[in-house]
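Engineer:
2 protein chains.
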Amino acid sequence: MTGPCVVYVIDDDSSVRAALDDLLASVGIRVLTFDSTTAFLAHGMEDAPGCLVLDVRMPGQSGIDFHRRMAGLGIALPVVFITGHGDITMGVDAIKHGAIEFLTKPFNDQTLLDAIQNGIGKDRDRRRAVAESEMVRARWASLSAGEQEVARLVVQGLLNKQIASVLDVSEITVKVRRAQAMRKMDARTLPDLVRLTGKLDLDGLS
Amino acid sequence: MTGPCVVYVIDDDSSVRAALDDLLASVGIRVLTFDSTTAFLAHGMEDAPGCLVLDVRMPGQSGIDFHRRMAGLGIALPVVFITGHGDITMGVDAIKHGAIEFLTKPFNDQTLLDAIQNGIGKDRDRRRAVAESEMVRARWASLSAGEQEVARLVVQGLLNKQIASVLDVSEITVKVRRAQAMRKMDARTLPDLVRLTGKLDLDGLS
DNA sequence: GCCGAAAATATACCAAAGTATAATATTTCT
DNA sequence: AGAAATATTATACTTTGGTATATTTTCGGC
Numbered sequence: 001m002t003g004p005c006v007v008y009v010i011d012d013d014s015s016v017r018a019a020l021d022d023l024l025a026s027v028g029i030r031v032l033t034f035d036s037t038t039a040f041l042a043h044g045m046e047d048a049p050g051c052l053v054l055d056v057r058m059p060g061q062s063g064i065d066f067h068r069r070m071a072g073l074g075i076a077l078p079v080v081f082i083t084g085h086g087d088i089t090m091g092v093d094a095i096k097h098g099a100i101e102f103l104t105k106p107f108n109d110q111t112l113l114d115a116i117q118n119g120i121g122k123d124r125d126r127r128r129a130v131a132e133s134e135m136v137r138a139r140w141a142s143l144s145a146g147e148q149e150v151a152r153l154v155v156q157g158l159l160n161k162q163i164a165s166v167l168d169v170s171e172i173t174v175k176v177r178r179a180q181a182m183r184k185m186d187a188r189t190l191p192d193l194v195r196l197t198g199k200l201d202l203d204g205l206s
Numbered sequence: 001m002t003g004p005c006v007v008y009v010i011d012d013d014s015s016v017r018a019a020l021d022d023l024l025a026s027v028g029i030r031v032l033t034f035d036s037t038t039a040f041l042a043h044g045m046e047d048a049p050g051c052l053v054l055d056v057r058m059p060g061q062s063g064i065d066f067h068r069r070m071a072g073l074g075i076a077l078p079v080v081f082i083t084g085h086g087d088i089t090m091g092v093d094a095i096k097h098g099a100i101e102f103l104t105k106p107f108n109d110q111t112l113l114d115a116i117q118n119g120i121g122k123d124r125d126r127r128r129a130v131a132e133s134e135m136v137r138a139r140w141a142s143l144s145a146g147e148q149e150v151a152r153l154v155v156q157g158l159l160n161k162q163i164a165s166v167l168d169v170s171e172i173t174v175k176v177r178r179a180q181a182m183r184k185m186d187a188r189t190l191p192d193l194v195r196l197t198g199k200l201d202l203d204g205l206s
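Just so you know, the sequences run in chain order A and B.
For the first sequence, the UniProt record's numbering assigns the number 1 to the initial residue and increments by one for each residue that follows.
For the second sequence, the UniProt record's numbering assigns the number 1 to the initial residue and increments by one for each residue that follows.
1) Going by C-alpha to C-alpha distance, which of B:Ile100, B:Glu171, B:Cys51 sits closest to B:Asn160?
2) Tell me which residues share the same chain as B:Leu205 and place their Cβ nearer than 6 angstroms to its Cβ, disregarding the 5 neighbours each side in the sequence.
3) In terms of residues, what are the limits of the beta strand (DSSP E) holding A:Arg188?
4) Any idea if B:His67 is buried or exposed, counting beta-carbon neighbours within 10 angstroms, 16 or more meaning buried?
5) Only counting the same chain, and skipping five residues up and downstream in sequence, which positions put a Cβ closer than 7 angstroms to that of A:Arg124?
6) Considering only the alpha carbon of each residue, which of B:Ile64, B:Ser165, B:Leu158, B:Glu134 lies closest to B:Met185?
7) In terms of alpha-carbon separation, which member of A:Thr173, A:Thr33, A:Ile120 lies closest to A:Ser15?
8) For A:Arg57, name the three-state secondary structure that DSSP assigns.
9) Quick check: what's the CA-CA separation for B:Thr37 versus A:Ala94?
10) From the DSSP secondary-structure annotation, give me the bridge partner or partners of B:Thr37.
11) Helix or strand or just coil, what does DSSP make of A:Glu46?
12) Taking 9 angstroms as the threshold (C-beta atoms), are B:Leu54 and B:Asp109 in contact?
13) Alpha carbon to alpha carbon, how far is B:Ile163 from A:Val169? Give it in angstroms, no decimals.
14) Give the range of the beta strand (DSSP E) segment to which B:Leu103 is assigned.
15) On the CB-based measure, 16 or more other CB atoms within 10 Å of its CB, does A:Val92 come out buried or exposed?
16) Report the neighbours of A:Asp186 on chain B: residues whose CB is nearer than 7 angstroms to its CB, in chain order.
17) Put A:Gly3 into one of helix, strand or coil per three-state DSSP.
18) Kindly list, in the order they appear in chain B, the residues whose Cβ is closer than 7 angstroms to that of A:Val53.
19) Could you name the residues of the same chain whose beta carbon sits closer than 8 angstroms to that of A:Lys122, not counting the 5 residues immediately before and after it, in chain order?
20) List the DSSP bridge partners of A:Val80.
21) So, for B:Ala71: in the same chain, excluding its five sequence neighbours on each side, which residues have a beta-carbon less than 7 angstroms away from its beta-carbon?
22) Between A:Ala76, A:Val56, A:Asp192, which lies nearest to A:Glu46 when the distance is taken from Cα to Cα?
23) Since A:Arg30 contacts A:Val9 with CB under 8 angstroms, what's their CB separation in whole angstroms?
24) Let me see if you follow: with CB-CB separation under 9 angstroms, is B:Val166 close to chain A or not?
25) What are the boundary residues of the alpha helix (DSSP H) that B:Asn160 is part of?
26) Kindly indicate the opening and closing residues of the alpha helix (DSSP H) around B:Ala115.
27) At what residues does the alpha helix (DSSP H) containing A:Ile75 begin and finish?
28) How many whole angstroms separate the CB atoms of B:Phe81 and B:Phe102, which I take to be in contact at a CB cut-off of 8 angstroms?
29) Give the straight-line distance between the Cα atoms of A:Arg126 and A:Ile116, rounded to the nearest whole angstrom.
30) Roughly how many angstroms separate the alpha carbons of A:Leu41 and A:Thr83, rounded to a whole number?
31) Taking the beta carbon of A:Thr197 as the centre, do at least 16 other beta carbons fall within 10 Å, making it buried, or is it exposed?
32) So with Cβ pairs under 9 angstroms, would you call A:Asp109 a contact of chain B?
33) Leaving out five residues before and five after A:Gly146 in sequence, what residues of the same chain have Cβ atoms less than 7 angstroms from its Cβ?
34) What's the call for A:Gly44, buried or exposed, on a 16-neighbour Cβ count within 10 Å?
35) What residues in its chain sit with their C-beta under 7 angstroms from that of B:Asn118, if we drop five residues either side in the sequence?
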């Protein structure tokens, strides 16, 4: 495997949990099983790329309901549904809401493994993107208000002279803030700064 | 409606075609119906945002097969499937391959209309993005080889002096090419050029 | 080989950007 | 209020970027 990863299995049927535990352990993937969404939430998530195998139909909160609430709970884990009794609309809607797969029992073991690997890969990519975005965001937050203003106008293509006029400060102040912004953003060149701020959506951050 | 648009309906059942024709005409959407994918291909597509309503099961090429071949045929139209006899896997796979909806008869008229409007909106967005990308690409193609080289290095953050050294030309030549590149790309400032070329993937274009 | 067009280069100049030092103003904390 | 920290501004200088004009070079076609 390329690095550590975890598969969370939520199914009320203990025989299913045991079977999936065996299957995944046999290919060397770390597995955590739960008999309900509540139990999963109580345990929490590990800090590693992962994938959630979710039973559609369960006592208490159904897998479908849980899937819908995941975003609100801040859980971005890719989901692979498994079910004994599903209908077309349910499967279609699940995929439309972003699920990786919707498998009906009995399903082929390899099909499930492929879906899980796919999900783990997607989660790995997502985590990388989030980490990068967070780093840029943290750097941006380290700029003073004045430095952010200058940086924003610099990236818009204004000259130092124009920025000084817009902000009603001296051109020297603009140069100081600009240099400071470059240092804090860890941008060696102006194109670097443009690319970094491009990941920020400066309109939304003012 | 926000601008012109077309809905293509492909279904071998003439009563379905007539019903959809009525339904869509009643809300003021232009409709073209076909009894097979072949007939649709023979007619060709209009130059307007659109959506394809596709029967899953047809004599000759099935809707599912056609959907898979659309990318290869250069058809990016959003697809809404309708079917009388489908199974979960078929619906799930269709959505996974990018279909907007997978509806089983009998379906609610409003559900279909919503899906179609959704598809048209997506196609409109896609067409806009493609048009913008094409414009940038055309501008880039208007640069001479030397101008492209200079522009690429400029965007990487190199100084004119460094670019001259890398390309083994004089710094004055770099300045001329650089100015010419800015003019041809219609970039008023360096940040503009960075953003424009960012849409190009310069690695792939050499 | 000669010619015309396009590209490259040289020269000269000005505006803009980057940097360092120091002085002044402002804010913040005690 | 007073002191320390921070921000702003001024001055001076260097490097870089942008532009215009003129000259030279290069290259394809006749």
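Glycine is no exception: its CB is placed at the ideal position from the N, C-alpha and C atoms.
Structural biologist: Based on what the coordinates show:
1) B:Glu171
2) Residue placement at B:Leu205 is poorly supported in this model, since its pLDDT is 41, which falls under 50; the coordinates still yield a value, given next. Cβ within range, chain order: n/a, list empty.
3) Looking at the DSSP string, A:Arg188 is not in any beta strand (DSSP E), and its letter there is neither H nor E.
4) buried
5) Pro49
6) B:Glu134
7) A:Thr33
8) coil
9) 29 angstroms
10) According to DSSP, which records beta bridges pairwise, B:Thr37 is partnered with nothing at all.
11) coil
12) no
13) 34 angstroms
14) 101-104
15) buried
16) Within chain B, no residue comes near A:Asp186; the closest Cβ sits about 13 angstroms away, beyond 7 angstroms.
17) coil
18) Under the 7 angstroms cutoff, chain B gives no residues; its nearest Cβ is about 16 angstroms from A:Val53.
19) Pro78, Ile100
20) A:Val53, A:Glu101
21) none
22) A:Ala76
23) Not confirmed; about 11 angstroms, so no contact.
24) no
25) 160-167
26) 109-141
27) Counting along the chain, A:Ile75 falls outside any alpha helix (DSSP H), and DSSP gives it neither H nor E.
28) 4 angstroms
29) 15 angstroms
30) 21 angstroms
31) buried
32) no
33) Arg177
34) exposed
35) Ile100
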